[in-house]
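To start, the structure itself, in structure tokens.
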Amino acid sequence: MNPELADSPFLRACRRQPVPRTPVWFMRQAGRSLPEYRAVRGGVPMLTACATPDLIVEITMQPVRRYGVDAAIFFSDIVVPLKAIGIDLDIKPGVGPVIADPIRDAAAVRTLRPIEPDDVSYVTEAVRALTGELGPTPLIGFAGAPFTLASYLIEGGPSKNHDHTKAMMYGEPHLWHALMDRLTEITLGFLRIQAAAGASALQLFDSWVGAVAPDDYREFVLPYTGRIFAGLADLGVPRIHFGVGTGELLGLLGEAGADVVGVDWRVPLDEAARRVGPGKALQGNLDPATLLAPWEVVERRAGDILARGAEAEGHVFNLGHGVLPGTDPDQLARLTDFVHRASVR
Ligand code: CP3
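Using our numbering, you'd call the opening residue of the sequence shown number 15 and step up by one each time.
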């Protein structure tokens, strides 16, 4: 690895090493809030964009160029590996992933086969091109975690209460475990493909797992997220674990094996550090809606997050969830500069 990259503030903070200043990037930093994103996406469907290396590279680079963030996140979506193994699905604008035939029985579960590098050659190609363009700036690869993918597959689309998902988890545990087992192999395979192509950190998005109680997390989810993080250990790249509404699960998210635990805006970072315990860095956690308020509000709240984040063994500044589409890019530019200036050691 390029020594400047290995020594970048983002990778150092993930490894809980001293940093010259707090690194910052934003979940969903590439996307609809950027006019240059809307311009290149034009009439191109989301899943077509995700399979087109030139577009992936351009869209991934856009926020790095505009904001000078400390990491790039690969432009893709959590359902891309499912599409790649032949699941009939689409991403509907303003809705999210929609599955043609929801997975609710054993025969449907058996259609989920492991992913091979050839299924996603466009990912390998784009990651390779990006690591060249990014130089010393780390590229974060990512995947959706089994629970969050299972929710889309079982419900057939986005869901508020995850009713069918929990009905299977509680009522048909054999089927649940068979589904989670297959999704675990797909997710692990997809993350390893990105690391092999040059991604220098990996984030597992279990966005909707906050719907699950801690005891149920331990029984129905942790065996799988644990297998994913264990299956990445030999790569030596930082592993980040993120979910929304996970205040009661923060300890378990760390226990699953991540190096960095992502925190949403509901738990202050000093309290999150206590819940996660020693040996982990934290990532987060400005409420993305803060960016819709005047700059003075953003600055005050970001300053508070930096102060609390200093209680953690390592801190990567981020939002508590993704950038909202209506966000003014100038706010994110000011926030990036503020984090860099206010955190100089
Ligand atoms: O962070 C980044 O900038 C990288 C790109 C990225 C996208 N999706 C692009 C995208 C990442 C990391 C994701 C992950 C993702 N996708 C998650 C986990 C992160 C999270 O927000 O919790 C989830 C739950 C999904 C599923 C999904 N895909 C949703 C909920 C949506 C939004 C639906 C909508 O239109 O409101 C998508 C579509 C999607 N993924 C878009 C982008 C830029 C919007 C599509 C468009 O621009 O037309």
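Heads up, the beta-carbon is just placed ideally off N, CA and C, and yes, glycines get one too.
Item                                                                                                                                                                                 : Value
Candidates Pro172, Glu130, Leu148 and Leu126: which alpha carbon is nearest proline 107's?                                                                                           : Pro172
For valine 137, is the classification buried or exposed, using 16 other Cβ atoms within 10 angstroms of its Cβ as the cut-off for buried?                                            : buried
Ignoring anything shorter than 4 residues or poking outside the segment 196-241, list the alpha helix (DSSP H) runs there in chain order.                                            : 228-234
What residue range is occupied by the uninterrupted alpha helix (DSSP H) comprising leucine 305?                                                                                     : Segment: none, leucine 305 is in no alpha helix (DSSP H) and carries neither H nor E.
Among Phe331, Ala326 and Glu325, which has the Cα closest to the Cα of arginine 315?                                                                                                 : Phe331
Roughly how many angstroms lie between the CA atoms of valine 251 and alanine 215, to the nearest whole one?                                                                         : 5 angstroms
Measuring straight from C-alpha to C-alpha, what distance separates alanine 27 and valine 38?                                                                                        : 10 angstroms
Taking just the CA atoms, how far does threonine 125 sit from leucine 42?                                                                                                            : The sequence given here places arginine at residue 42; leucine does not occur at that position. Roughly 30 angstroms separates the two Cα atoms.
Check whether the Cβ of aspartate 273 lies closer than 6 angstroms to any heavy atom of the ligand CP3, and answer yes or no.                                                        : no
Give, in chain order, every unbroken run of the beta strand (DSSP E) that is at least 3 residues long and sits entirely within the segment 37-114.                                   : 103-106 and 110-113
Mind checking alanine 181: buried by the 16 CB within 10 Å criterion, or exposed?                                                                                                    : exposed
Please report the residue range of the beta strand (DSSP E) in which glycine 185 lies.                                                                                               : Unbroken run through glycine 185 is the alpha helix (DSSP H), 177-185; no beta strand (DSSP E).
List in chain order: all unbroken beta strand (DSSP E) runs of 3+ residues lying wholly within the segment 112-182.                                                                  : 153-158
Ignore the nearest five residues each way along the sequence and tell me which others in leucine 25's own chain have a CB closer than 8 angstroms to its CB.                         : Leu19, Pro152, Ser214, Ala215 and Pro252
Answer with buried or exposed for glycine 174, where buried requires no fewer than 16 other C-beta atoms within 10 angstroms of its C-beta.                                          : Here residue 174 is lysine; the residue named in the question, glycine, does not match the sequence. By the 10 Å Cβ count, lysine 174 comes out exposed.
Do glycine 224 and glycine 257 have their C-beta atoms within less than 7 angstroms of each other?                                                                                   : yes
Tell me the DSSP bridge mates of alanine 295?                                                                                                                                        : Val274
Thinking C-alpha only, which one of Pro59, Ile168 and Gly203 is nearest isoleucine 129?                                                                                              : Gly203
Enumerate in chain order the residues of its own chain whose CB-to-CB distance from valine 134 is below 8 angstroms, with the five nearest sequence positions on each side excluded. : Val94, Pro95, Ala98, Phe204 and Ile207
What are the partner residues of asparagine 16, as DSSP defines its beta bridges?                                                                                                    : Answer is none; asparagine 16 lacks a bridge partner.
Run the CB neighbour count on asparagine 16, radius 10 Å, all protein chains shown included, and call it buried at 16 or more, exposed below.                                        : exposed
Use the C-beta contact count for valine 123: other C-beta atoms within 10 angstroms, 16 or more gives buried, fewer gives exposed.                                                   : buried
Can you tell me which of the three DSSP states histidine 335 falls into?                                                                                                             : coil
Judging by CA-CA distance, which residue of Gly328, His335 and Pro49 is the nearest neighbour of proline 34?                                                                         : Gly328
Cβ of leucine 167 within 7 angstroms of Cβ of isoleucine 113?                                                                                                                        : yes
If you check the beta carbons only, do alanine 270 and leucine 236 fall under 7 angstroms apart?                                                                                     : yes
Who are the near neighbours of alanine 347 in its chain, counting only those whose CB is closer than 7 angstroms to its CB and skipping five residues on each side?                  : Arg80 and Tyr81
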